[in-house]
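The block underneath contains the structure these notes are about, expressed in C-alpha cells.
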Amino acid sequence: MTALIDARTIPNGQVLTPDLAIVGGGPAGISLALALKDSKMSIALLEAGSTSFDPEIQKMYTGAETGVPYAALDAGRLRALGGGTNHWGGWCRPMDAIDFEAKSWMPHSGWPFGRAALEPYYARAQTLVEAGPWIYDQKGDVMAGATGPVLPLGQGGLYTSWFQFSKTRDSVLPTQFGQRYGDDLRAAKNVTPYMHANVTGIRLAANGASVDHLDIATLTGKHFTVKPRMTVLAAGAMENARLMLASNDVISAGVGNQNDLVGRFFADNPIPRDVATLVSFAGPLAAFYGSNQTLDDGAIMRATFAPTTAFRRKAQVAGSLSTVEPAVELDETGKAAVITTALALGIHAADAQAYSLGCGMELSPDPDRRLTLTGEKDALGLPRLKLDMRIADEDFERFRRTLTELGRQLLASRIGLLRINCKDRQDWLKRMDWGHHHLGTTRMHADPKQGVVDADGLVHGIANLYVAGSGIFPSYSASNPTLNLVALTLRLGDHLKKVMA
Ligand SMILES: Cc1cc2nc3c(=O)[nH]c(=O)nc-3n(C[C@H](O)[C@H](O)[C@H](O)COP(=O)(O)OP(=O)(O)OC[C@H]3O[C@@H](n4cnc5c(N)ncnc54)[C@H](O)[C@@H]3O)c2cc1C
C-alpha cells in the first residue's frame, strides 16, 4: 500500500513525471483515479488540502461576490481530500433525458450528447456515491409507494419523482469520498496521492497547444513541478476556472480562454424555501413526501414533484424539484380557502393538513453570470475570484408556471390546493438559499466558440488537458450534480484508457 505523500516533504525543484496528473481529490478526481487504478498509466493525484479540514488551507478559497446575494466563495466548497463531499447532503437523482436537449426557450442549453451516453456509467456512479440499489423513477412508486400512498395527481404537468440518498444504513453522514476511498487510493499501485499539493499554474508549451508542466506549491514554501503526458483538472467548477484564467503567460486571456468563455455561465441550483403552501385535504401525506425513508433493501428515498417532459416543452419551463417541507398551521385566509374549496367540491376536508413547499430550481444558462479574477492574491500568489451572481426574472416566472400547474392538478384531482407565497422578485429573493452546486464555467460544446471543452472534456485547442466535474455541464438540470458528474467522470476514464493506451 502506498502512503498518501505529504507534498511538503518533496525537495524544492523536483520534477515528477507521471503519465497522468489529476488536479484535485474531490468526488471527480477520486472517481477518475479509482476508474484508472488497474490501468498501465502512472497517476499523480494532486490534492491541495489534507485529509481533514484546516482553516488556513480553506482561506485559499476566499473570494468576492456581487449581484444577487450568494454564499461566500469559501463557504460552499471544501479544500480537503474528498472536496465538497465532506459536507454534502447526499441527495442524488440522475438527470432527465430532456436536461441534455437544446431547448428553444432556453438559449445556450443542450449537451453535445444525450443521456444515453451516461447510461452505461450510472450504475457504477451509484455504487461510488453509495446510494443503494438503483430505484429512482423506474421503481420509486412501487418500492417507496408500498410504505404509503403516492398522491394521485392525475393527468397533468407534474408527477411524483424520487431522490435517493448517499448513505449506508448504518452511517450518520453521506459518503465522504476522502475517508471512504482513502485506503483504495493508497492500495492502487499506479496511483500516488499527494496532499498539500496546490497546483498554482498550468504551463503551456511555447506554441500554446499543449500543457508542458504544472507548477506545484505548498503553504510551507516548497515549489516543485509535475510534467505529465496528460492532465485532468478536477479542482471544482470555481477553481478549475481560476487556474485556467490565472495561467496566462502563454495565452494572455488564460488557458482555454481564447473565446472568452472560461468563468462564464456559472450556475447553481437555487433552493428557495417556503415558496408555496400545499394543503392535503385528506390529512397527512405519506412520510416519504416530507422526510427520507429507509426501505428494507437499504435504499433511502424521498419524494419530490417534478415537471414531466411534455409539460416542460409545452409550458417552456426549466427543471425543478419541489419538496414537501415541515407541516405548517394555516392562517385564517388559508383555513377559509380550504373550507370554501371543500364545500365547492363537495368533499370532506376537516382533517386537512398544510405543508410548506421548498424547491431545487434549474437556472437558464447566462454568460454574464460569471467568475473573473480580482487584483487580490492568495498566500501562494494566485489571483482570487469574484462572482457576479444573477437570476433572471424569467427563471422565477418559469417556476411559478410549474407551481400553478401543481395547484391545478391538486384541485382537479380533488385532493388538495396550493397557495403560491411569492408575488414578486423580492419575495423570491427573500426566500433564497443555494444548493452549492457549482456548475458551468468551463462548459462543454463541440464548437470552440461556444464551449471551453469538447464532448470528451478535452480543452479546445490544447492536446493534453481535460476538465472533469459539473463545471463542464453546458446546461444544468434541477437534479443534484454529484451522481451525474461522477458518471460523466467515469466516462472520461474510459476515454483516457483509449487515448493513452
Ligand atoms: C453544503 C453542501 C451540500 C451539498 N449537497 C449536495 C447534495 O446533496 N447532492 C449533490 O449532488 N451535491 C451536493 N453538493 C455539491 C457537491 O459537493 C459537489 O457537486 C461536488 O463536491 C463537486 O465535486 P468535484 O470533485 O468536482 O469538486 P470538489 O468537491 O470541490 O473537489 C475539488 C478538489 O480539488 C481540490 N483543489 C482545489 N484547488 C486545487 C488546486 N489548485 N490544486 C490541487 N487541488 C485543488 C480541493 O481541495 C478538492 O478536494 C453540496 C455541496 C455543499 C457545499
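Sequence positions in the sequence shown follow our numbering and run -13 to 487.
C-beta: ideal position from N, C-alpha, C; glycine also.
heavy atom of ligand 1 below 7 Å from residue i C-beta
| i | result |
| --- | --- |
| L67 | yes |
| A21 | no |
| T309 | no |
| N63 | Before going further, note that residue 63 is Arg rather than Asn in the sequence given. Yes, ligand 1 has a heavy atom inside 7 Å of this Cβ. |
| E225 | yes |
| P13 | yes |
| H199 | no |
| C78 | yes |
| N466 | yes |
| E33 | yes |
| H182 | no |
| A7 | no |
| L205 | no |
| T178 | no |
| A220 | yes |
| H493 | Only positions -13 to 487 of the chain appear in this structure, which leaves residue 493 out of reach. |
Assumed close pair residue i, residue j - CB separation to whole angstroms, cut-off 8 Å
| i | j | result |
| --- | --- | --- |
| P13 | T52 | That pair is no contact at about 29 Å. |
| N278 | F151 | 6 Å |
| M486 | M216 | 6 Å |
| E391 | L144 | 6 Å |
| A262 | L389 | 5 Å |
| A19 | A174 | 7 Å |
| P434 | H446 | 4 Å |
| H182 | S38 | Contact doesn't hold; Cβ gap of about 12 Å is too wide. |
| T211 | V1 | 5 Å |
| V115 | L469 | 5 Å |
| L307 | G346 | 5 Å |
| R101 | F149 | The Cβ separation is near 18 Å, so there is no contact. |
| C408 | R394 | C408 to R394, Cβ: 17 Å. No contact. |
Residue i versus residue j - alpha carbon distance
| i | j | result |
| --- | --- | --- |
| G49 | G11 | 21 Å |
| L343 | K484 | 47 Å |
| R65 | S266 | 44 Å |
| A7 | G207 | 21 Å |
| R387 | A398 | 16 Å |
| P160 | S147 | 21 Å |
| V197 | H423 | 28 Å |
| A323 | L271 | 19 Å |
| D127 | L396 | 18 Å |
| A335 | A292 | 26 Å |
| R355 | G15 | 26 Å |
| K213 | P4 | 7 Å |
| L281 | A132 | 10 Å |
| V54 | A61 | 16 Å |
| D82 | D(-8) | 41 Å |
| I29 | L229 | 20 Å |
| D40 | A34 | 11 Å |
| P467 | D352 | 18 Å |
| M27 | D381 | 45 Å |
Close beta carbons around residue i, own chain, < 8 Å, minus the five adjacent residues each side
| i | result |
| --- | --- |
| G361 | P369 |
| E311 | R259, D260, G276, Y341, S342, L343, G344 |
| Y452 | M216, T217, V218, L219, V439, D442, G443, L444, V445, L478, L482 |
| W420 | Y56, A57, G62, D254, N255, P256, I257 |
| S233 | G187, I188, R189, L190, G240, V241 |
| N(-2) | K208, H209, F210 |
Close Cβ partners of residue i (< 6 Å) along its chain, the five nearest in sequence each way excluded
| i | result |
| --- | --- |
| A130 | F274, M287 |
| D337 | G269 |
| P179 | L(-10), L31, L171 |
| F163 | P13, I16, G68, T71 |
| G457 | A223, N226, T427, T428 |
| Q302 | W91 |
Residue i CB to nearest heavy atom of ligand 2 below 7 Å
| i | result |
| --- | --- |
| L371 | Ligand 2 is not among the ligands present in this structure, which contains only ligand 1. |
Closer than 8 Å to chain D by CB, residue i
| i | result |
| --- | --- |
| V324 | Any reference to chain D falls outside this structure, which holds one protein chain only. |
Cβ-based neighbour list, residue i, same chain, cut-off 7 Å, excluding 5 preceding and 5 following
| i | result |
| --- | --- |
| E87 | G96 |
| E42 | L205 |
| K23 | A174, N176, V177 |
| A109 | W120 |
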